[in-house]
Amino acid sequence: MSIEIINVTKTFGNFTALNDISLEIPDGKLVALLGPSGSGKTTLLRIIAGLDVFDANPKSDIRFKGRSVIGHRIAERQVGFVFQHYALFRHMSVFENIAFGLRVRRGRNKFTRQQIKDRVMELLHLIQLDTLERRYPDQLSGGQRQRVALARALAIEPQFLLLDEPFGALDAKVRLNLRRWLRQLHDQIKLTSVFVTHDQEEALELADEIVVLNQGRIEQEGTPDEVFHSPKSAFVMDFLGSVNLFHGRIEGASVIFDSDIAGKKQIFVRPHEIDLLPVNPNGAGLSTTVRRVQLAGSIVKIELLDKSKREIFVELSHEKYNVYRFSTGDTVFAVPQKSVVFEEDYSI
Amino acid sequence: MRLPGFRLTLGFTVTYLSLIVLIPLSLLIWYTMNLSFADFIKTVSSSQVIASYKLTFTATLLAALTNALFGFMLAWSLVRYRFPLRRLIDAIVDIPFAMPTAVSGIALTTLCADSGWIGFYAAKYLGWQLAYTPTGVYIALTFIGLPFVVRTLQPALEDLDKEVEEAAESLGATRFQTFRRILFPAVLPALLTGFTLAFARALGEYGSVVFIAGNIPNYTEITSLLIYTKLEEFEYPKATAIALVMLAASFLAMFFINVIQWYSSRKTG
């Protein structure tokens, strides 16, 4: 295990940002810390980096490759940190930004001019900005700045790479491209990396492992496949994609819906795991009215209203939709194909 | 596309600038024209006038440099640290702005005279005479210039991004390296502006200096006072001649500072 976090708690006054977190980051993996704002994900990242300190407790520890780094400042920890707003040095060119970590070295580890130049050029090539070394940060686009920030962090040959909301400040299209590029880069350099995000899609697409955080606690950790398909809590189910909440009871293999909530179980169904039929198959469907059909896009999105005016969202493939072609006002029966039931009470 | 209101704003700007700056300045030249060229040279190169130029520029430059250094430290402390009476100290910085210059002049003279709280000990232990010497001129000019540096630096220091400092630290920079290579270059343009303002203000200062300087010709007489003396003697052309040289010199100095400033801020655009 390359990074171990052991029983770490962090409080700001009365607010508990991290509540007894224990976590292991496996070697060579790209790990996402996923959670809503206030879940403690950025605090955890900053604590790993050494930018923040956790509450003193003899049980708590942070270990890099088996050795405790308590009391080590960020420079001693040799981590590359990419800040949310890049934090580039505005008065320095791209070249100087990337070279900074090498230029400040003193003594035995000092780099010669030629070594610095070679290393910077190599990194510029890696981030595909070969010709832009003379530019200043203000003359770059958001995506380019982000890549310069990454190259600057990589220049010091860090043990780990930590990224705080790496795509947070970019627009959708650039974000998508940069995400794929970062994934490829990771496969190329195999540097153990942790990134923070509030975007579930980003985490699912990019990460080898996802750690879902909520209110300072870890809700679940696992591969994207595990957290998406086998959520351990209602929170994870809800946070990792849109979800419909039904009430009803389960009889054998089928779900019996009931609009009367009292004493019923909460049943979670993802929009793409609902079938729509014009007739009620053996009483298992829920009678609904179509409110809106959105045909544009790779899938058809349908909004339904049940008898008590609760919204239900359904996603169908165009092929499936074309069988019945429901339109606004039609009465249809919604049949969940796959549902998840949690014991706890949860409200969306 | 041209933004609306261009003609109106340009018209207003030119009219205003003419009334406030250009017409008085042209009068300065107009009056000086009453002198023959020989008289002009004679006036501005008399030993008394030359001595006043030397004193004024030297004291002004030293005062502005002092303010740049200590004003920077003061602004740095006020912005970056939280300590008791911080707000009070912050307010005190404005006093040289707010106080009538004659009042500050008299206060400084009283303090720095041989019998004053500061002047007494400076004379007794260091053997320095403060009031009625060029040192006194320097003290007065430093006093009035301080707020310019502090007030221009404060917003620049507040704008410094904490993440940028953390980034430098994460790349292995020491505190001093972070300051010298990251923080200082970022606030240098503001520091130069503050320096320029303090310099410009001190160059034309009159009220606070005349009391503490003692106005001994060829020794502690500043140019502003010399101009005033000529005016009292109804020697208007001579007064404007001295002023004109002063103006040209200040213009050159400002131009030079602006070039440095342009150079240092060019990169951050």
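Protein sequence lines correspond, in order, to chains A and B.
The opening residue of the first sequence carries number 0 in numbering that gives the first Met the number 0; numbering runs sequentially from there.
The opening residue of the second sequence carries number 0 in numbering that gives the first Met the number 0; numbering runs sequentially from there.
Every residue, glycine too, gets a C-beta built ideally from N, C-alpha and C.
Euclidean distance between Cα positions of residue i and residue j
| i | j | result |
| --- | --- | --- |
| residue 180(A) | residue 178(B) | 34 angstroms |
| residue 279(A) | residue 319(A) | 17 angstroms |
| residue 114(B) | residue 48(B) | 31 angstroms |
| residue 78(B) | residue 191(A) | 38 angstroms |
| residue 271(B) | residue 76(B) | The structure shown has nothing for residue 271(B), since chain B only spans 0 to 268. |
| residue 272(B) | residue 208(B) | For chain B, the structure presents residues 0 to 268; residue 272(B) sits outside this window and is missing. |
| residue 89(A) | residue 63(B) | 27 angstroms |
| residue 7(A) | residue 18(A) | 7 angstroms |
| residue 51(A) | residue 70(A) | 11 angstroms |
| residue 77(A) | residue 308(A) | 56 angstroms |
| residue 176(A) | residue 166(A) | 10 angstroms |
| residue 42(B) | residue 11(B) | 38 angstroms |
| residue 58(A) | residue 40(A) | 21 angstroms |
| residue 140(A) | residue 240(B) | 55 angstroms |
| residue 143(B) | residue 60(B) | 13 angstroms |
| residue 180(B) | residue 167(B) | 9 angstroms |
| residue 215(B) | residue 136(B) | 12 angstroms |
| residue 244(B) | residue 213(B) | 24 angstroms |
| residue 94(B) | residue 82(B) | 20 angstroms |
| residue 73(B) | residue 145(B) | 10 angstroms |
| residue 118(B) | residue 134(B) | 11 angstroms |
Residue environment, residue i, which counts as buried when at least 16 other CB atoms sit within 10 Å
| i | result |
| --- | --- |
| residue 32(B) | exposed |
| residue 268(B) | In this predicted model, residue 268(B) has a pLDDT of only 46, less than 50, meaning its place in the structure is not dependable; the value taken from the coordinates is given anyway. Classification of residue 268(B): exposed, given that the 10 Å Cβ count is below 16. |
| residue 198(B) | buried |
| residue 324(A) | exposed |
| residue 236(A) | buried |
| residue 172(A) | exposed |
| residue 109(A) | exposed |
| residue 75(A) | exposed |
| residue 209(A) | buried |
| residue 9(A) | buried |
| residue 201(A) | buried |
| residue 113(A) | exposed |
| residue 262(B) | exposed |
| residue 9(B) | exposed |
| residue 45(A) | buried |
| residue 219(A) | buried |
| residue 91(B) | exposed |
| residue 127(A) | exposed |
| residue 174(B) | exposed |
Other residues of its chain near residue i: CB distance less than 8 angstroms, five sequence neighbours each side excluded
| i | result |
| --- | --- |
| residue 328(A) | 288, 289 |
| residue 312(A) | 241, 243, 270, 300, 301, 302, 303 |
| residue 82(A) | 148, 163 |
| residue 138(B) | 107, 111, 129, 211 |
| residue 170(A) | 141 |
Beta-carbon proximity list for residue i, same chain, < 6 angstroms, skipping 5 on both sides
| i | result |
| --- | --- |
| residue 341(A) | 233 |
| residue 15(B) | none |
| residue 192(B) | 151 |
| residue 229(B) | 237, 238 |
| residue 89(B) | 77 |
| residue 38(A) | 212, 213 |
| residue 62(A) | 3 |
Cβ separation of residue i and residue j, assumed to be a contact under 8 angstroms, to the nearest whole Å
| i | j | result |
| --- | --- | --- |
| residue 199(A) | residue 159(A) | So it is not a contact: roughly 23 angstroms between Cβ atoms. |
| residue 48(A) | residue 80(A) | 5 angstroms |
| residue 170(B) | residue 100(A) | 3 angstroms |
| residue 58(B) | residue 217(B) | Their Cβ separation, rounded to whole angstroms, is 15 angstroms, which puts residue 58(B) and residue 217(B) out of contact at 8 angstroms. |
| residue 206(B) | residue 100(B) | 3 angstroms |
| residue 264(A) | residue 247(A) | 7 angstroms |
| residue 276(A) | residue 282(A) | Contact doesn't hold; Cβ gap of about 12 angstroms is too wide. |
| residue 205(A) | residue 178(A) | 6 angstroms |
Cutoff 7 angstroms; reference residue i; Cβ partners in own chain excluding five residues on either side
| i | result |
| --- | --- |
| residue 137(A) | 89 |
| residue 338(A) | 254, 266, 267, 268 |
| residue 92(A) | 132, 133, 134, 135 |
| residue 87(A) | 96, 136, 144, 147, 148 |
| residue 151(A) | 96, 97, 99, 100 |
| residue 96(B) | 146 |
| residue 333(A) | 273, 275, 284, 285, 287, 303, 311, 313 |
Closer than 6 angstroms: residue i CB and nearest the ligand PLP heavy atom
| i | result |
| --- | --- |
| residue 244(A) | Because no ligand of any kind appears in the structure shown, any question about the ligand PLP cannot be addressed here. |
Original post:
Which runs of the alpha helix (DSSP H) fall wholly inside the stretch 183-245 of chain A and span at least 4 residues, in chain order?
Top reply: If we require 4 residues or more, the alpha helix (DSSP H) runs fully inside the stretch 183-245 of chain A come out as 199-205, 223-228, 233-238.
**OP:** Tell me the start and end of each unbroken alpha helix (DSSP H) in the stretch 72-151 of chain B that is at least 4 residues and wholly inside, in chain order.
**Re:** With a minimum length of 4 residues, the continuous alpha helix (DSSP H) runs that stay inside the stretch 72-151 of chain B are 85-91, 94-97, 100-111, 116-120.
Subject >> Every unbroken alpha helix (DSSP H) inside the stretch 83-125 of chain A [4 residues or more] >> reply: Qualifying alpha helix (DSSP H) stretches, in chain order: 93-102, 112-125.
**OP:** At 3 residues or longer, and completely inside the stretch 36-92 of chain A: list those beta strand (DSSP E) runs for me, N to C.
**Re:** Whole beta strand (DSSP E) segments, 3+ residues: 60-63, 78-81.
Subject >> Segments assigned alpha helix (DSSP H), at least 4 residues, entirely inside the stretch 168-211 of chain B >> reply: Runs of the alpha helix (DSSP H) lying entirely within the stretch 168-211 of chain B and spanning at least 4 residues, in chain order: 174-177, 183-202.
**OP:** Enumerate, from N- to C-terminal direction, the unbroken alpha helix (DSSP H) stretches of 4 or more residues contained entirely within the stretch 6-52 of chain B.
**Re:** Every alpha helix (DSSP H) stretch that sits fully inside the stretch 6-52 of chain B and reaches 4 residues is listed by chain position as 22-31, 36-43.
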